[in-house]
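Trainee:
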Amino acid sequence: MTEKNDIILETKKLTKRFGGLIAVNQFDLEVTRGKISSIIGPNGAGKTTVFNVITSIYQPDDGEYYFKGEKLFGLKPHQILTKGIARTFQNIRLFPNMTCLENVMAGQHARSDSGIWHSIFRAPSQMKEEKKIREIAEMRLEQVGLSGYKHELAKNIAYGSQRMLEIARALASNPSLLILDEPSSGLNDKETEDLMGFLDNLLIDDLTLLLIEHDMNVVMGISDWVTVMDEGKKIAEGKPKEIYHNPTVIEAYLGKEEEED
Amino acid sequence: MNRIKLILIVIVILSVCLSINVLAQQAPIVIGLQTPLTGSEAIEGEMASRSVETAARMVNEKGGVLGGRMIKIEVVDDACQPRAGALAAMKLVSMREVVASISTYGSSVTQPASDIYEKFKKVNIAYGATGTGLSERGLKYFFRTCGRTDTQGIFFAEEVVPYFGAKKVAIMHDNTSFALGLAEETRNALLAAKTADLVYFDAITPGESDYTVPLTKLRETNPDLFYFTGYFPEAGLIVRQARQIGIDATFVGGDAAINEDFKRIAGLEYAAGCYQTQEALIQHFTNPEAMEFKAKYQEVYGDLPSSPWPVYAADALMVLAEAIDKSGSTDSDVLVDYLKNKMVEYPSITGPIGFDEKGDRVGTGINLYKVNADGSDSIVQR
Amino acid sequence: MKLIVEQLLNGLTIGSFYSLIALGYSMVYGVMKLINFAHGDFFTFGSYLGYTLLVMGTAFATSTLGVWGGMIAAMLVAAIGSGTLGILVERIAYRPIYPTGRLPAVVSALGASIFIQNSIMVIWGARPHAYTSEVVPDYIMNIFGLRINLLQIIILALSFFLMGVLYYVIQKTTFGAAIRASALDRETAALMGINIKLIIFFIFALGPALGGTAGVMVGIYYRKISFIMGWNYGLKAFTATILGGIGNIHGAMIGGLILGVLEMLGSTYVSTAYKDVFVFLVLILVLIFRPTGILGEKIAEKV
Amino acid sequence: MMVNSENRKANKFNTKGNWFVIIVIVSFLLFPLVIKNDYIIDVAFFFGIYTLLGLSLNIVLGEVGLFDLGHMGFAAIGAYTTAILNTTFGIPVLVLIPVSAIAAAIFAYLVCSPIIHLKGDYLCIVTIGMGEIIRLTLLNNPFGLTGGPNGVFGICFPSIGNLLVIDSCVKFYYYIWIIIGLTVIALIRLQNSRIGRAWNYVREDVIAAEASGIDVRYYKLLAFVIGAALAGVAGNIYATKLMIVSPESFTFMESCLLFCIVLIGGMGSIPGVFIGAAAISFFPEIFQAFAQYRMLIFGAVMVIMMMFRPGGAWPRQRGKIQTESIIIRAEKSEI
């Protein structure tokens, strides 16, 4: 295992209940800095709930979680982003009636601070800031290959591009941890392959990735560490190869999926 | 494309505004009538415009004014709203052919409108604005043919209360400008005259249907005399509901409370035996002008105005026609001088009319009316 | 004691009117996610239709059908008339607009409301009308020292009966299940073979029909009707809908009754003039602590 | 090369837009000189009042998507603040413009902070309730301040000493349209700043906005506060023009009309507000000729307008124009 100070995100006995249902049960997770970690599990295993707790959309009923060694508790979702955690959503959530560029500029919002009066009187500092916001946004659009669409409304571009746009928006906040919720859902094989290549390249910028997938084949290729969830609990973790051959996982996870089919 | 459309729209709007304004020059004498034709007081506006049209026919059939020029009415809707009222007044003063204006119903609408008339030096005669403060502002061109709330309050305290020998009086109003004014003037007069104790003084919300709660509260104070200063729709409901929950105090309405509609809403079984302090209901006038007005009004519209105000609007027209004819001028200053100094006891529909320096009508008498068992009214106290 | 019982009874009566109107708001909102601002005017329209039949056609209605028959006929006519108007308004003012979103439909609804209200004024005249005592007599009873109007009891019973029938239809029948399914998710319901057009037709007929019936009841009970009363009742009923939790049937019923009682309590124990201030303050307080109304389900947004 | 051609395109677009803007401004300036009819100028003044109120509601409803059907309440706060302070203490009404704005803004902050978390229609009824509470309270004459149904009258004209007294229709016309001009400049700048974008993010998707680091609660409140302040200014001008404020100017129906202004024009669109306000203030005047039928026709016209332009008469155009122009100006300022 890696050393303790290389753990960027850690959860301890995280628990979240919805009424009688325990969505996440005593869940422990460690995410290593600069690597790609994945949480996999069948549908309804509680993966997205873990993400929503980490990004403060839900408050946990029990347990705690740490980011860069700091305990996060009772924060608002927007404060999570300023701490350096950015995320995407399983069912893409863009700002549909705004241009792609404006969508990506959202990521820089928390990294800038011009107020009303600065904006109304166009103070030099505000102009400079606007320019910086725009440059970063254009750079991120370029990075995901969408510079040609920057003035298109987000709702008018292709589904695959929308997913990339969402990633660009998350990246625009210069996060240290990027959480992706089923990034490959709805993409075809080629697009998925491209996406995985793209994600692998991101690590160059001192970025840590945490992925959710229910199709384990997708993430096996790029993940450094895989955690398997079922019914809110962690049932296994390890390197992809170990997971691939772990009998518990095969039984609980793959077995179930065949039943569903 | 959008912009071209927009420009076109703007042009159309402007040209419509202009064309309304640039009406062909009229030979007749045009008098403006500002009145609520839409909105919650639309009924008053409808009756007022009918009454004024009737009065204009009376004048015109006698040969008009200034040697045969006809009177023409220009009606503008103010929806009983201060903003719309200000605009309506502006519309009338901007029409050069309009020589004077009858304006308007409701004190809070009359206020900004009369300021505009004053600024543009146009004679304006209010017909349904009894607020005491209106004529206390030193306006030169403002007149009114209706009375003021304070005279009515004093009449109630000094005449009505002793007439019934009442010891405990309840006053209820509906928080409109007129009703509150009358209620407050009555309270002050009652406190000054010390003829009875005031045991209840509160407001209801107009436009609702159920007034049992305030009435129940009123019942607990056990008054002998119950004075309601608001309007007839609520008055009808209130009498009926009051009787049903067992209030047997004598009901007296202010001058907007009791009319034919009141009797229908309350039902005659409850309306009979109610009283009203009233300046003048057209039904009770027997002077020749009133008889002619009644005949002409009924001939066209089938009924009679159900509240006193529309007739004051007709009065205003009669007064203006007389002033124009006798002074031989349509100039505002000449008209003001004639109305204030030379018009004495001009026989109009609601009796002799003259004006004092403030523009208030001189000599309006207030009466106490009773609703009889057959639905007719009779004067019991002058 | 006597005071409280009387006020509660009055509160329930006016509350039941609010409930009947609120049901229309709530059903339309549930399926269409549209605040139907014209709904209060359907209520006024029903009231005027009933007035026309009862008062202007007194000779016919009361003599052939009797006093009670006349009243029931008036309610039926009002229900059918308002229902028809509801369907017409939906066809003309809403159907072409709501595919483009719910906000433009709000403007259209306001426009329809102004149009209907002023049409009523032009048709029946601006002066308030009254259901006369020949067609709606009073039967005042004395029970344990309480003066109670028989009409009040009958109106209360009738409106509870109507609410009960509607509740049964929505909650217990297959058609009701279809309505509830459409309220949850219109697209999926349509995919499952539910005839959405029929559902919309039904709610736009039934909601105004209930409103129109309430209009006649108000006329019978209070006698006075005016062309602007729909605005006032509509606003109160909309408040009741939200107070109970919009989009569910029992929420609208309970909301209306609670609002009626609150009004009575507010004007008895707080102040007559500040009654509505009190009612709205209670509403705001309820919403601060229960953001989706008293019976509204917590909306867990899917992330 | 690439950047240059893009800039040129943007410039070209801008010059075309600029011409249109110049024509509009000039026609507004010349209007009272050409049309020497005080009534029409006054209609144009009230068009201005509705425009200003529409712009203020557009921040809340158009930019952030919050259903506010009690917006006239904020204008009432501004108007009554002006009226009471002017008539009792004789404070000049021009000084009272910021005071009215601040009073309305503080009120909006206090009232909206506990309810800002409500969603859509629930927020809508709360704002209706707030507007009605304000109106009813004013009607009941608390502490003898508001004059009850009579309102407060005798408000002075705006003036700078004796140098300039705004008392005629033409002066009032220029007064309000200059204020609108300044407001529009400020609002366009806000639209094109991180604040304006944050408002739009909240309108488009609250959860995505939060996850992108936008303090949703703060920006919703900010919109209410700025919208209320602007409505307070409109209330001040309204009070000085009519010289009387009374509760029936601030009814629920008026709030509904403001709502319509924003939607008739197009959500979040400043030119749209002008069109919406024109429709709301001109149509009833044009229809004066129809006497009691006029509101009936007005209602029908509202329905028809929504049938033909459900997205608004002039929806906000997104794309190059705004973002490009910013960058060009930024570059210019750096040079």
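Protein chains in written order, with this note's numbering: chain A, 1163 to 1423; chain B, 9 to 390; chain C, 8 to 310; chain D, 1279 to 1613. Positions of the beta carbon are idealized from the N, C-alpha and C atoms, including for glycine.
(1) What residues match up with M1391 (chain A) in a beta bridge as DSSP calls it?
(2) On the premise that G1544 (chain D) lies in contact with W1477 (chain D), defined as a C-beta separation below 8 Å, what is that separation, rounded to the nearest angstrom?
(3) Would you call the CB atoms of E166 (chain B) and T203 (chain B) closer than 8 Å?
(4) In terms of alpha-carbon separation, which member of B:R58, B:F172, B:P44 lies closest to T118 (chain B)?
(5) Thinking C-beta only, is A1489 (chain D) closer than 8 Å to T1217 (chain A)?
(6) To which residues of the same chain is M1391 (chain A) closer than 8 Å at the C-beta, ignoring the five residues directly before and after it?
(7) Over the uninterrupted alpha helix (DSSP H) stretch that includes K1498 (chain D), give me the two end residues.
(8) Terminal residues of the continuous alpha helix (DSSP H) containing K243 (chain C)?
(9) Please identify, using Cβ separations under 7 Å, the residues of the stretch 153-164 of chain B that lie next to chain D, in order along the chain.
(10) Reducing DSSP to helix, strand and coil, say where A280 (chain C) ends up.
(11) Using the Cβ count rule (16 or more neighbours within 10 Å means buried), how would you classify G395 (chain B)?
(12) Take L1372 (chain D) and list the residues in its own chain whose beta-carbon comes closer than 6 Å to its own, dropping the five residues that flank it on each side.
(13) Identify the continuous beta strand (DSSP E) that holds M180 (chain B) and give its terminal residues.
(14) Cβ of I212 (chain B) less than 8 Å from any chain C Cβ?
(15) In angstroms with no decimal places, state the Cα-to-Cα distance between L1331 (chain D) and V1342 (chain D).
(16) Start and end of the alpha helix (DSSP H) containing D1399 (chain D)?
(17) Measuring only the C-alpha atoms, how far is G47 (chain C) from L27 (chain C)?
(18) Output needed for I1405 (chain A): all residues of its chain with C-beta closer than 7 Å, excluding positions within five of it in sequence on either side, in chain order.
(19) Go through its chain and collect everything with a Cβ distance to D192 (chain C)'s Cβ below 8 Å, but skip five positions before and after it.
(20) Looking at the unbroken beta strand (DSSP E) that takes in A1651 (chain D), where does it start and where does it end?
(21) From the DSSP output, which residues share a beta bridge with L268 (chain C)?
(22) Does the distance from the CB of Y276 (chain C) to the CB of F24 (chain C) come in under 8 Å?
(23) Apart from the five residues on each side of it in sequence, which residues of its chain come closer than 7 Å, Cβ to Cβ, to V1523 (chain D)?
(24) Quick check: is the beta carbon of H1349 (chain D) nearer than 8 Å to any beta carbon in chain C?
(25) Looking at C-alpha atoms only, which residue of D:R1587, D:P1376, D:E1526 is the closest neighbour of M1350 (chain D)?
(26) Run through DSSP, which three-state label would N1135 (chain A) get?
(27) Along chain A, in chain order, which residues have C-beta atoms closer than 8 Å to that of L1468 (chain D)?
(28) Closer than 7 Å, Cβ to any Cβ of chain B: which residues of the stretch 1514-1547 of chain D, in chain order?
(29) To which residues does DSSP link N149 (chain C) through a beta bridge?
(30) Quick one: is D283 (chain C) buried, meaning 16 or more other Cβ sit within 10 Å of its Cβ, or exposed?
(31) Per DSSP, which residues does S356 (chain B) bridge with? Please list them.
(32) Of the residues D:Q1595, D:R1596, D:P1588, D:R1594, which one's Cα is nearest the Cα of T107 (chain C)?
(33) With burial defined as no fewer than 16 other Cβ atoms inside 10 Å of the residue's Cβ, what is the status of A1316 (chain A): buried or exposed?
(34) Rank B:S384, B:A200, B:Y354, B:A329 by C-alpha distance to the C-alpha of D61 (chain B) and give the top, closest one.
(35) According to DSSP, simplified to helix, strand and coil, what is N1282 (chain D)?
Mentor: Walking through what the data contain:
(1) A:K1396
(2) So it is not a contact: roughly 16 Å between Cβ atoms.
(3) Going by beta carbons, E166 (chain B) and T203 (chain B) fall inside the 8 Å limit.
(4) B:P44
(5) yes
(6) F1189, I1201, I1202, G1203, A1207, G1208, K1209, V1212, I1397
(7) 1494-1520
(8) Taken as a continuous stretch (DSSP letters only), the alpha helix (DSSP H) holding K243 (chain C) covers 236-251.
(9) Those residues of the stretch 153-164 of chain B that come within reach of chain D (Cβ to Cβ, closer than 7 Å) do not exist; the list is empty.
(10) coil
(11) Because residue 395 (chain B) is not part of the residues shown, which for chain B are 9 to 390, the question remains open.
(12) P1436
(13) 176-181
(14) yes
(15) Rounded to whole angstroms, the gap between the alpha carbons of L1331 (chain D) and V1342 (chain D) is 16 Å.
(16) 1398-1417
(17) Using only the alpha carbons, I get a separation of about 11 Å.
(18) V1388, V1390, A1398, V1411
(19) Nothing listed; no residue qualifies.
(20) The displayed coordinates of chain D run from 1279 to 1613. Any statement about residue 1651 (chain D) would go beyond what the structure contains.
(21) Per the sequence shown, the amino acid found at residue 268 (chain C) is Val instead of Leu. V268 (chain C) pairs with nothing; no bridge assigned.
(22) no
(23) A1357, Y1358, A1361, G1429, V1430, A1517
(24) By this cut-off, H1349 (chain D) is not an interface position.
(25) That would be D:E1526, whose Cα lies nearest to the Cα of M1350 (chain D).
(26) Residue 1135 (chain A) lies beyond the range of chain A shown here (1163 to 1423); nothing can be said about it.
(27) I1278, S1281, I1282
(28) Under the 7 Å Cβ criterion, the stretch 1514-1547 of chain D contributes L1520, M1521, I1522, S1524, E1526, S1527.
(29) According to DSSP, N149 (chain C) bridges with C:R154.
(30) buried
(31) B:G359
(32) D:P1588
(33) It counts as buried.
(34) Per the sequence presented here, residue 61 (chain B) reads as Glu, with Asp not at that position. Answer by Cα proximity: B:A329.
(35) Legend: pLDDT at N1282 (chain D) = 44, less than 50; position of this residue unreliable, value from coordinates given subsequently. N1282 (chain D) falls in the helix class under three-state DSSP.
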